[in-house]
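Peer 1: Got a structure here, written out as structure tokens. Questions coming.
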Amino acid sequence: MEVKIEMKNKLLTLVIPVLTVFLFTGISSATPLEDITHHISNDAETSLNISNADDMILITNAGSARYSNTTTEDAIQTVMETVPIKYSKIFQMNQPDHDPTFTFAVKNSKGYYARKYTVLQSGAVLKTPVVYIGLDMTENQFQQAKANLGYDVLSLLSAWNAGAPSDLLKVAAWTGNVSPGLIGAYSASKQFLANYPLTSNATSYHVIVSTGGGDDDVPMFFMDSTPLKWVTVGSDTFYNFKSAYTDDSHENIYIRWDSLSRTGVMFYWTLSDMTYNGGETLQGLIKNAQCIGMLATNPSALYKVLKATNIDYQTFKTLWDTGIDSEYISSIPVTPIEWTSTVSVIPREEYSAMYASGINAVMVANRALQAAGFEPLDSDDLLITSAGYSETQGISAGAIDGIISATGIKFKNIYSLKRGTQTPLWYVFVKKPDETTGPLHAVFVDGNGAIRPVTYGGTQFNVFDISAVNLAGATGTEGYQKSLAVASTYGYSIPQYAQQDYYIVSLANQWAYAMPYEFALAATGGGCPGSGLA
8 MEVKIEMKNK LLTLVIPVLT VFLFTGISSA TPLEDITHHI SNDAETSLNI
58 SNADDMILIT NAGSARYSNT TTEDAIQTVM ETVPIKYSKI FQMNQPDHDP
108 TFTFAVKNSK GYYARKYTVL QSGAVLKTPV VYIGLDMTEN QFQQAKANLG
158 YDVLSLLSAW NAGAPSDLLK VAAWTGNVSP GLIGAYSASK QFLANYPLTS
208 NATSYHVIVS TGGGDDDVPM FFMDSTPLKW VTVGSDTFYN FKSAYTDDSH
258 ENIYIRWDSL SRTGVMFYWT LSDMTYNGGE TLQGLIKNAQ CIGMLATNPS
308 ALYKVLKATN IDYQTFKTLW DTGIDSEYIS SIPVTPIEWT STVSVIPREE
358 YSAMYASGIN AVMVANRALQ AAGFEPLDSD DLLITSAGYS ETQGISAGAI
408 DGIISATGIK FKNIYSLKRG TQTPLWYVFV KKPDETTGPL HAVFVDGNGA
458 IRPVTYGGTQ FNVFDISAVN LAGATGTEGY QKSLAVASTY GYSIPQYAQQ
508 DYYIVSLANQ WAYAMPYEFA LAATGGGCPG SGLA
């Protein structure tokens with residue numbers, strides 16, 4: 008008997024507490040997700056003591072995931088109304104084929120803890136135990152956290168408590184997880200941006216990546232290099248993003264091209280050996296944390312430069328035609344480029360200043376609206392903004408928190424438009440129209456709190472109707488002239504393909520027609536704002 012008890016105890020040490028299935032009172036498959044999410048949020052508040060936490064984040068696929076064949080963005084609104092969490096602390100995962108999940112994580116005096124909830128299509132909820140996610144976790148604690156949260160979510164939480172900048176977490180959440188490739192690409196892309204910024208509408212970024220490795224998506228976020236954007240040089244078209252296949256999945260080529268001089272800079276790199284982290288293990292998380300620490304102390308050690316040189320048009324064209332061809336690349340003659348490897352990669356984060364910027368933008372917009380005879384901004388109005396991506400004034404998502412506090416604008420009405428980090432900070436507020444066709448009364452406020460008026464017919468308008476009905480018309484018509492006036496005010500042409508005025512006007516008009524949220528995700532996430540509907 009003693010032996011049996013001993014064996015049982017040994018076995019018990021290997022048991023990992025796992026999620027449980029439960030139904031909240033009165034919940035069924037017919038229950039709206041918002042009601043279920045309200046119960047989940049209250050449960051998370053109680054079990055994690057969110058209100059008294061030193062810090063917290065939410066990782067969720069709500070918005071992209073579906074429940075009862077409907078989009079789930081309103082569930083995030085419910086969370087924000089139930090527990091004290093800011094927009095800037097919510098990290099969305101792109102998982103349209105998954106059930107909705109909500110992982111709440113807190114930092115308190117005892118350390119870092121998390122709990123995950125998964126809403127099944129039946130209305131049942133899978134709830135994990137509260138698990139410890141600190142960097143000092145034991146192997147048993149790691150296995151428990153991994154089994155309950157999944158490694159992808161755990162890698163995000165581990166990076167958060169390692170001090171990862173919020174823009175890194177944003178990219179990692181949307182693309183899947185934190186990996187050595189992502190951290191290395193964060194460093195390489197930020198240093199490339201700093202050394203070779205876009206200086207005019209003739210300059211553009213072009214990226215060739217080797218498929219896999221976790222680094223491919225980083226330039227899509229920070230450099231706004233996507234397969235859907237391009238520049239033309241003579242009769243040739245060069246897209247801004249291209250995938251290739253090589254033996255090293257971490258190889259990348261970053262190019263800044265100048266269409267006027269027909270010259271560019273090529274930066275060919277891969278990960279340094281020190282970034283290898285050992286896979287989905289506790290040691291892997293620890294290595295990720297070490298690499299995150301190096302972003303502040305020695306970022307250039309995270310990547311290895313294979314070749315850096317100036318290039319001419321023919322070289323650019325051949326590179327784009329052949330992809331990452333090491334034999335061809337080795338034949339390119341080297342003309343040294345200027346490069347500073349000590350440049351900082353972590354943007355400054357002055358949350359209070361950004362929060363105040365958002366509040367001030369609302370005050371400025373409301374004064375303009377009221378002077379024009381309109382009601383002040385409220386929860387049903389629209390915000391289109393570069394906040395969340397622009398880093399010219401530092402990490403800018405906090406500005407959206409300020410705007411929400413001043414207006415109550417709903418989560419689904421916040422269009423944080425993916426732009427390159429060098430894009431200026433700006434806010435466009437649009438009043439909800441009475442009809443889908445408008446009018447769409449809009450105010451453009453820049454990052455310094457100044458209104459950009461639309462000048463039409465010799466008069467400056469702080470509030471202007473940007474509805475398609477008002478701006479439509481053939482060349483020479485009144486609508487056409489109005490559209491030129493809006494383009495002049497709203498436009499930003501660095502790079503050439505930014506088309507900022509088109510994005511803003513198109514998104515506002517589609518919002519007025521109740522554009523489905525999954526289309527909004529695509530349109531604000533870098534695609535052409537009309538392509539989703541087409």
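For the sequence shown, the working numbering assigns the number 8 to the initial residue and increments by one for each residue that follows.
Note that beta-carbon positions come from the ideal geometry of N, C-alpha and C, so glycine has one too.
1. On the criterion of 16 or more Cβ atoms from any shown chain inside 10 Å, does Asn76 qualify as buried, or is it exposed?
2. Do Asp42 and Lys114 have their C-beta atoms within less than 8 Å of each other?
3. Look at the Cβ atom of Tyr275, then the Cβ atom of Ile336, and state whether they are nearer than 8 Å.
4. By Cβ distance below 6 Å, which residues in the same chain neighbour Val450 in space, the five residues on each side in sequence not counted?
5. Whose C-beta lies closer than 6 Å to the C-beta of Ala379 among residues of the same chain, with five residues either side of it excluded?
6. Among Ser412, Ile353, Phe381, which has the Cα closest to the Cα of Asn367?
7. Whole-angstrom Cβ separation of Val137 and Ser250, contact assumed at under 8 Å?
8. Quick one: grab the DSSP three-state call for Arg269.
9. I need the DSSP call for Tyr46, collapsed to helix, strand or coil.
10. Below 8 Å CB to CB, which residues in the same chain sit around Pro523 once its five sequence neighbours on both sides are set aside?
11. For a test of the three-state rule: what should DSSP assign to Met14, helix, strand or coil?
12. Starting from the Cα of Asp159, find the closest Cα among Lys123, Leu302, Leu313, Asp223 and give me that residue.
13. Quick one: residues in its chain with C-beta nearer than 8 Å to the C-beta of Thr110, no 5 flanking neighbours on either side, listed in chain order?
14. Just curious, the beta strand (DSSP E) that Thr89 is in, first and last residue?
15. Inspect the CB distances between the segment 308 to 315 and the segment 164 to 184 and report whether three or more fall short of 8 Å.
16. Are there 16 or more other CB atoms within 10 angstroms of the CB of Gly465, so buried, or fewer, so exposed?
17. Tell me the residue span of the alpha helix (DSSP H) that contains Leu302.
18. Would you kindly work out how many angstroms separate the C-alpha atoms of Cys535 and Thr218, rounded to a whole number?
19. When the Cα atoms are used, what is the spatial distance from Gly612 to Ser129?
20. How many whole angstroms separate the CB atoms of Val90 and Ser48, which I take to be in contact at a CB cut-off of 8 Å?
21. Would the segment 196 to 208 and the segment 237 to 249 be scored as touching if the rule is three or more Cβ pairs under 8 Å?
22. Between the C-alpha atoms of Arg73 and Leu267, what's the straight-line distance to the nearest angstrom?
23. Which of the three DSSP states, helix, strand or coil, is assigned to Gly429?
24. Could you round the C-beta distance between Leu289 and Glu146 to whole angstroms and report it? I think they count as a contact, below 8 Å.
25. Just to confirm the assignment, what range does the beta strand (DSSP E) spanning Ile336 have?
26. Tell me, which residues are paired with Ser250 by DSSP?
27. Determine, using beta-carbon pairs with one atom in the segment 223 to 233 and one in the segment 166 to 182, whether at least three such pairs fall under 8 Å.
28. Taking the alpha carbon of Met301 as the reference point, which residue from Met273, Ile318, Ile353 has its own alpha carbon closest?
29. Please name the residue in Asp106, Gln150, Ile339, Asp332 whose C-alpha comes closest to that of Leu133.
30. Span of the beta strand (DSSP E) holding Phe468?
31. Given that a residue counts as buried once 16 or more other Cβ atoms are within 10 Å of its Cβ, and exposed if not, what is Thr349?
32. Going by the DSSP bridge assignment, what does Ile421 pair with across the sheet?
33. Helix, strand or coil: how does DSSP classify Gly401 here?
34. Expressed to the nearest angstrom, what Euclidean distance is found between the alpha-carbon atoms of Tyr261 and Pro502?
35. From the DSSP output, in three-state form, read off Val178 for me.
36. Return helix, strand or coil for Glu356, following the three-state DSSP convention.
Peer 2: Considering the structure as presented:
1. exposed
2. no
3. yes
4. Ala372, Ala375, Phe436, Val470
5. Val470
6. Ser412
7. Not a contact, Cβ separation roughly 41 Å.
8. Three-state DSSP puts Arg269 in coil, outside helix and strand.
9. The sequence shown places His at residue 46, rather than the Tyr named in the question. In this structure, His46 counts as helix in the three-state DSSP scheme.
10. Taking Pro523 as the centre and dropping the five residues before and after it, the same chain places the C-beta of Thr78 closer than 8 Å to its C-beta, in chain order.
11. Here Met14 scores only 30 on pLDDT, less than 50, and its place in the model is too uncertain to base an answer on.
12. Lys123
13. Contacts found: Leu65, Ile66, Thr67, Ala121, Arg122, Lys123, Tyr124, Leu156, Val160, Leu164.
14. Element bounds for Thr89: not the beta strand (DSSP E) but the alpha helix (DSSP H), 80 to 89.
15. no
16. With fewer than 16 other beta carbons inside 10 angstroms of its own, Gly465 counts as exposed.
17. 289 to 304 is the span of the alpha helix (DSSP H), which, as asked, contains Leu302.
18. CA-CA distance, Cys535 to Thr218, rounds to 23 Å.
19. Given that the chain is displayed from residue 8 to residue 541, the structure contains no residue 612 and the question cannot be resolved.
20. That belief holds up - the Cβ atoms of Val90 and Ser48 are roughly 5 Å apart, short of 8 Å.
21. no
22. 47 Å
23. A small correction: the amino acid at residue 429 is Gln; Gly does not occupy that position in the sequence shown. Residue state, collapsed to three classes: coil.
24. 6 Å
25. Taken as a continuous stretch (DSSP letters only), Ile336 belongs to no beta strand (DSSP E), being part of the alpha helix (DSSP H) at 333 to 338.
26. Val216
27. yes
28. Ile353
29. When each option's Cα is compared against that of Leu133, the closest is Asp106.
30. 466 to 468
31. By the 10 Å Cβ count, Thr349 comes out exposed.
32. Leu390
33. strand
34. 15 Å
35. Secondary structure of Val178 (DSSP, three-state): helix.
36. coil
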